[in-house]
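Residue numbers (the numbering used here), protein chains in the order written: chain Y, 12 to 107; chain V, 2 to 230. Every residue gets a Cβ at the ideal spot worked out from N, C-alpha and C, and that includes glycine. Please read all numbers here as calculations on a predicted model, not as lab measurements. Below: the structure, in structure tokens.
See the structure below:
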């Protein structure tokens, strides 16, 4: 049985040492601390931009639903997965 | 071979440059699923042609002469509700994108895009998909979130008012003076004036004009209409 996702109340913030470079349709995040590079698609970049330490995941989800017309559950799953990946990569932190 | 019996997508082209319109017409008409039903060289002509031809999709250049593309978009969205609008712009520009979407466009594409992308975007817009350059997604989402916060904050401020004060604010937003507020609420103009002062004080505003702008900018007329209903 799959577990239903819940929205985290904390707000994600970009690691200030990490920087984003966009070249054409490719976007790359470079983390000099870990010397790691992450290639991002456009949706991940959009969420990355919103990781300002002030925007809650619920607000991201609502805005994406409004813009795309996609069902809430689908957007919740995508946003949560992308934020989990950012966290695993150490490029965001969470603040209350 | 089965013939495709679907109706072609009826397209209106609105661009100030005849060379661009002609090129677009030629390209679109090489596609079996497109039919260009009209052309316009300026904003007012675009609106008139949209009303006359009732296209499925209107491709509107944002910098149309005589009534810009945003204004034309807004008028077409209002007068030809079945028409889906794709705005064309020279460059990716966040303010233009947001203005276009607010005016009623559902697609936005730059003129620097490959022609195949423009054709595909037109098809997607016809299907009702919101299409914007992916690079602009983050900024647009940030703007939507900011708007939502402003609206929520406005609703919170509205919550400070009594039911009667909300009725007064609704009438104020419709342009009523003290007498115009007093008459439907069956109160004296002096009482209306006192209510207006209380409304302004609770909202932290200094003038009636500021209160009207607060209602309009935050789209609160529907909220207030519910009070007097």
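| request: Any chance you could list the beta strand (DSSP E) runs of at least 3 consecutive residues sitting entirely within the segment 87-143 of chain V, in chain order? | output: 108-111
| Would the beta-carbon of residue 139(V) fall within 8 Å of that of residue 57(Y)? | yes
| Sequence-distant residues of its chain with Cβ nearer than 7 Å to residue 213(V) (five each side left out) | 173 and 174
| query | According to DSSP, which residues form a beta bridge with residue 61(V)? | reply | 15(V) and 88(V)
| Quick one: is residue 139(V) near chain Y, going by C-beta distance under 8 Å? | yes
| query | Given a limit of 8 Å on CB to CB distance, which residues of the segment 64-82 of chain Y reach chain V? | reply | 66, 70, 71, 73, 74, 75, 77, 78, 79 and 80
| Residues in its own chain within less than 7 Å of residue 119(V) by CB, not counting five upstream and five downstream? | 110
| field | For residue 239(V): DSSP bridge partner residues | value | What is shown of chain V runs 2 to 230, which leaves residue 239(V) out entirely.
| query | Per DSSP, which one or two residues make a beta bridge with residue 25(Y)? | reply | 103(Y)
| request: Would you give the residue range spanned by the alpha helix (DSSP H) that residue 196(V) belongs to? | output: 190-204
| Contacting residues, own chain, Cβ-Cβ under 6 Å from residue 26(Y) (five flanking each side not counted) | 102
| Touching or not, the segment 74-85 of chain V and the segment 42-52 of chain V, by the rule of three or more beta carbon pairs under 8 Å? | yes
| task | Quick one: residues in its chain with C-beta nearer than 7 Å to the C-beta of residue 162(V), no 5 flanking neighbours on either side, listed in chain order? | result | 170, 200 and 203
| said: Rounded to the nearest angstrom, what separates residue 90(Y) and residue 57(V) at their Cα positions? | reply: 33 Å
| task | Could you tell me whether any Cβ in chain Y is nearer than 8 Å to the Cβ of residue 131(V)? | result | yes
| task | Assign residue 129(V) to one of two classes, buried (16 or more other C-beta atoms within 10 Å of its C-beta) or exposed (fewer than that). | result | exposed
| message | Given this structure, state the Cα-to-Cα distance separating residue 39(Y) from residue 51(Y), to the nearest angstrom. | response | 6 Å
| said: For a test of the three-state rule: what should DSSP assign to residue 221(V), helix, strand or coil? | reply: coil
| message | If distances are taken between C-alpha atoms only, which option among 100(Y), 61(Y) and 94(Y) comes closest to residue 142(V)? | response | 61(Y)
| message | Determine whether the beta carbon atoms of residue 132(V) and residue 105(V) lie at a separation below 8 Å. | response | no
| task | Identify the continuous alpha helix (DSSP H) that holds residue 75(V) and give its terminal residues. | result | 70-80
| request: Just mark residue 86(Y) as buried or exposed, buried being the case when its beta carbon has 16 or more other beta carbons within 10 Å. | output: buried
| query | Would you report the Cα separation of residue 16(Y) and residue 88(Y), rounded to the nearest angstrom? | reply | 7 Å
| Where the beta strand (DSSP E) containing residue 33(Y) begins and where it ends | 30-34
| How many angstroms separate the CA atom of residue 59(Y) from the CA atom of residue 148(V)? | 19 Å
| Using the rule of at least 16 other Cβ atoms within 10 Å of the residue's Cβ for burial, across every protein chain shown, is residue 86(V) buried or exposed? | buried
| field | Proximal chain V residues relative to residue 57(Y), where beta-carbon distance stays under 7 Å | value | 138, 139 and 142
| task | Return the CA-CA distance between residue 135(V) and residue 157(V), expressed in angstroms with no decimal places. | result | 34 Å
| field | Exposed unless 16 or more other CB atoms sit within 10 angstroms - verdict on residue 23(Y) | value | buried
| How big is the Cα-Cα spacing for residue 231(V) and residue 39(V)? | Since the first residue shown for chain V is 2 and the last is 230, residue 231(V) is missing from the structure and cannot be characterised.
| field | Which listed residue (103(V), 68(V) and 225(V)) has its alpha carbon closest to that of residue 78(Y) | value | 103(V)
| query | Under 7 Å from any heavy atom of the ligand MN, does the C-beta of residue 68(Y) make it? | reply | What this structure holds is no ligand at all, so the ligand MN is not there to describe.
| query | Thinking C-alpha only, which one of 194(V), 207(V) and 59(V) is nearest residue 76(V)? | reply | 59(V)
| In this structure, does DSSP put residue 3(V) in helix, strand or coil? | With a pLDDT of only 46 at residue 3(V), under 50, the local geometry of the prediction cannot be trusted, and no value is derived from it.
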